[in-house]
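Read left to right, the sequence shown gives residues 55 to 740 (our numbering).
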Amino acid sequence: MEPLTLRTPLTKLPGVGKARAAALENLGLFDVGDLLTYFPREYEDRTVQEDIAHLPADTPVCFAAMVAEPFRTSYIRRGMELTKGKIVDATGQVLVTFFNQNYVRQALHPGQTYYFYGKLTGYGARRQMVSPKFEPEGRCDFTGGIFPVYPLTAGISNHLLTGLVRQALPCLAQAAEPLDDQLRQRHQLAPMEESYRTIHFPPSWEALATARRRLVFEELFCLTLGLTLIRQRRAGQAAVPFVRQDLDAFFAALPFSLTPAQARSATEAAQDLAKAVPMNRLLQGDVGSGKTVVAAACAYLAWRNGCQAALMAPTELLAQQHLGTMETLLGGLGMRIALLSGSMTPAQKRACQAALAAGEIDLVVGTHALLSEGVAFARLGLVITDEQHRFGVDQRAALAAKSGGDLHPHVLVMSATPIPRTLALMIYGDLDLSVIDQLPPGRTPVATYLVHGNKRPRLYAFVRKQVALGRQVYIVCPAVDQEDPEGMKAAEQYGRHLQQEVFPDLRVGIVHGRQKPKEKQAAMAAFAAGQTDILVSTTVIEVGVDVPNASLMVIEDADRFGLSQLHQLRGRVGRGRHQSYCVLLSDNDNEQTRQRLRALAATTDGFAIAEEDLKLRGPGDFFGARQHGLPQLKLASLEGDMVLLHQAQTAARELLAQDPHLSQPDHAPLRRRVERLFRANGDSFN
Ligand code: ADP
Ligand code: MG
């Protein structure tokens with residue numbers, strides 16, 4: 055085999071075929087270099103401890119024990135299976151339980167010794183462990199040290215990823231160090247190779263801290279460099295300035311008056327649009343805050359200035375909904391509005407494309423179909439995307455490229471992911487961000503309750519009551535295990551169980567991510583049209599879909615979700631005149647967890663929730679960075695790394711003062727690192 059380099063595609067690694075490569079791409083992993091910057095989400099300390107009798111409770115431990123008896127499986131509620139058995143050593147015993155993992159019956163042989171890893175509860179002969187990880191003695195890859203836990207997706211196990219990262223490490227020897235000696239000395243940063251090795255396979259917690267510090271610095275330094283380079287480039291691009299700013303007719307035609315937050319956002323966008331450089335603004339507002347009307351104001355300005363606008367939605371259903379809204383808001387003013395979506399006939403599509411090219415459509419609302427080859431605009435001046443995280447950034451770029459000529463369209467991105475603004479500004483500097491931080495008047499907040507699973511019968515009665523009142527109900531299931539990260543199995547099984555055993559007389563629909571698009575759409579459309587009473591789904595229920603008649607959202611195993619996600623889900627109800635409810639089901643008795651969920655029940659402020667989430671979970675997929683085409687922070691934490699951020703920003707400024715385009719030959723490795731950080735966004739820095 056050829057020696058690995060950072061750019062070797064993952065398909066060249068043994069064990070990575072087509073299907074796995076596709077799954078890895080879902081994680082943003084294309085080449086060997088991507089693996090190295092795919093950092094563990096957390097670590098497991100699997101240093102082996104002795105004597106069951108002396109193991110501490112409620113904290114993860116790793117120990118050796120013998121299987122004392124065959125494991126047995128029994129069936130409990132809603133397709134849940136319990137597999138139980140006993141393990142022992144010379145000092146004590148532990149009762150082990152697995153949920154929905156009955157394959158362990160075959161994997162754990164009586165009389166043999168295994169290493170177990172998990173949390174113990176109980177005392178003495180009642181010591182227990184739920185779903186521990188285990189490896190047979192003598193064949194263990196994950197025992198006796200600190201091991202990485204990576205974020206996963208369907209078809210990719212932690213075991214597989216760990217193996218791939220191990221294979222990737224040797225190519226570090228050839229890779230160039232992006233941070234030069236002087237910089238490293240000044241900021242006391244560890245060398246590259248050692249840092250990457252250690253972040254994946256730390257020999258100790260101290261070594262991990264040292265490695266992490268260097269890599270956080272590297273990330274923040276490269277982020278600052280990249281953002282500055284992008285800003286420089288954008289300032290050099292040309293857009294049509296929307297000089298006519300006469301929004302009065304638009305405002306006068308609205309069926310309501312704007313909230314102050316909407317008015318402010320519209321003004322901010324209008325100011326950008328008046329410039330001859332492309333706007334690139336993120337419009338961020340909680341679900342139901344009224345982003346669409348701000349987008350409509352922008353489209354109106356495009357029209358008044360002789361330009362076309364395109365509004366792209368992630369799903370057919372949303373596109374149709376937007377079309378209706380835009381027709382109400384803008385149709386009466388004389389704008390010509392059309393739909394372009396995948397479900398149209400070829401003839402309909404051709405007609406729409408011809409009209410677009412001829413400039414006979416002022417605003418086109420559509421799905422991915424807008425990106426197809428036949429689509430060309432006479433004079434595209436504005437691109438609006440809704441719920442951007444459903445689009446690849448290349449796709450947005452592809453649409454922008456259809457403007458024709460050297461002019462770049464203005465871009466407005468709408469997102470409902472709350473961004474703690476102060477933090478966003480600190481990291482991303484002059485990020486162009488408008489926030490709608492208040493709801494339109496007259497909304498009744500969703501009443502939220504935290505309910506224990508043993509109250510299920512009462513909950514079912516409540517579901518019935520809502521349906522009897524003519525309302526509809528969402529039930530959301532989380533992923534139950536690593537093999538099924540989208541919770542698809544859970545939704546299928548639970549949906550069928552509810553239909554057959556609990557609500558045989560009601561109409562139950564099921565939606566999850568692995569259904570064919572047609573099936574999924576049909577299930578969503580049936581619910582939207584009131585033809586099903588209960589919709590059981592994974593978290594894929596369409597973002598932004600508006601079913602005002604839905605008044606109850608039930609979230610199963612709510613403790614498995616992040617607070618922001620719960621808040622987003624809750625936003626599916628409370629859109630109509632009816633008092634709405636959100637029930638968070640959780641059997642988790644951990645006091646901290648219940649507190650967290652109670653906090654959600656007590657507030658409806660998406661920003662407060664986002665801040666809380668950030669404290670609890672770190673940045674990860676937080677504040678809509680991706681929606682804005684910004685790289686996500688993979689490592690840096692906004693809570694803990696502010697000092698490093700400051701240092702990195704200063705260092706970046708100093709470097710760019712001396713080499714404004716990072717074009718000096720000795721900065722090539724650094725430039726490549728910056729490009730890698732931004733690559734997922736399709737940005738280049740030329
Ligand atoms: P989102 O920000 O979730 O996209 P929408 O733009 O869909 O929210 O608005 C949600 C609902 O609120 C819509 O039915 C819209 O007509 C209504 N709405 C928006 N702004 C106002 C306002 N200022 N006053 C009253 N109702 C409003
Ligand atoms: Mg919306």
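Where is the CB? At the ideal position from N, CA and C, for every residue including glycine.
Nearest candidate by alpha-carbon position, reference residue i, set the options
i       : options                            : result
Glu-811 : Ala-265, His-241, Leu-149, Leu-687 : Here the chain covers residues 55 to 740 and nothing more, so residue 811 does not appear.
Val-556 : Arg-404, Leu-523, Thr-586, Arg-518 : Arg-518
Gln-147 : Leu-174, Leu-214, Ala-364          : Leu-174
Arg-220 : Thr-252, Leu-393, Arg-725          : Thr-252
Ala-144 : Arg-132, Val-121, Gln-160          : Val-121
Glu-573 : Glu-370, Lys-456, His-422          : Glu-370
Phe-304 : Lys-66, Val-348, Arg-510           : Val-348
Leu-651 : Leu-617, His-632, Tyr-635, Cys-116 : Leu-617
Pro-463 : Ala-432, Asp-491, Val-489          : Ala-432
Leu-689 : Pro-205, Pro-164, Tyr-129          : Pro-205
Leu-589 : Gln-619, Asp-643, Tyr-528          : Tyr-528
Leu-818 : Pro-224, Leu-226, Cys-225, Val-203 : Shown here, the chain extends from 55 to 740; a query on residue 818 therefore has no answer.
Any non-hydrogen atom of the ligand ADP within 6 Å of residue i CB
i       : result
Gly-339 : yes
Lys-304 : The question names Lys, yet the displayed sequence has Phe at residue 304. For the ligand ADP, not one heavy atom lies less than 6 Å from the Cβ of Phe-304.
Ser-343 : yes
Ala-70  : It should be pointed out that residue 70 corresponds to Val in this sequence rather than to Ala. Because no heavy atom of the ligand ADP lies under 6 Å away, the Cβ of Val-70 does not count as near it: no.
Leu-623 : no
Pro-494 : yes
Thr-346 : yes
Leu-383 : no
Leu-312 : yes
DSSP state of residue i mapped onto helix, strand, coil
i       : result
Gln-520 : helix
Asp-600 : coil
Thr-101 : coil
Leu-67  : coil
Ala-250 : Inspection of the sequence shows that residue 250 is occupied by Tyr rather than by Ala. Tyr-250 falls in the helix class under three-state DSSP.
Gly-209 : coil
Phe-677 : Legend: pLDDT at Phe-677 = 40, less than 50; position of this residue unreliable, value from coordinates given subsequently. Phe-677 falls in the coil class under three-state DSSP.
Phe-201 : strand
Ala-412 : coil
Asn-644 : coil
Lys-173 : strand
Ala-432 : coil
Arg-335 : strand
Pro-314 : helix
Lys-745 : Any answer about residue 745 is impossible in this case: the structure gives the chain only from 55 up to 740.
Ala-144 : coil
Pro-224 : helix
His-464 : strand
Ala-303 : helix
Arg-733 : helix
Gln-182 : strand
Asp-535 : The predicted model places Asp-535 with a pLDDT of 48, which falls under 50 and marks its position as unreliable; any figure quoted below should be read in that light. Here Asp-535 sits in coil by DSSP.
Gly-672 : Below a pLDDT of 50, predicted positions are generally treated as unreliable, and Gly-672, at 47, falls in that range; no measurement from the model is reported.
Ser-488 : strand
Val-219 : helix
Asp-235 : helix
Pro-309 : coil
Beta strand (DSSP E) segment containing residue i, residue limits
i       : result
Met-607 : 604-609
Val-500 : From DSSP, Val-500 is part of no beta strand (DSSP E); its letter is neither H nor E.
Ala-119 : 114-121
Ala-470 : It is not in any beta strand (DSSP E) - Ala-470 carries neither H nor E in the DSSP assignment.
Gly-280 : Run containing Gly-280: none in the beta strand (DSSP E); it sits in the alpha helix (DSSP H), 259-289.
Tyr-528 : 526-530
Met-696 : That residue, Met-696, is in no beta strand (DSSP E); its alpha helix (DSSP H) goes 696-712.
Extent of the continuous alpha helix (DSSP H) run through residue i
i       : result
Arg-126 : Unbroken run through Arg-126 is the beta strand (DSSP E), 126-130; no alpha helix (DSSP H).
Asn-80  : 72-80
Lys-572 : 571-582
Gly-378 : 370-384
Val-158 : 158-161
Val-348 : 345-358
Val-86  : 86-90
Ser-457 : No alpha helix (DSSP H) holds Ser-457; DSSP gives it neither H nor E.
Gln-362 : Note, Gln-362: premise wrong, no alpha helix (DSSP H); beta strand (DSSP E) at 362-366.
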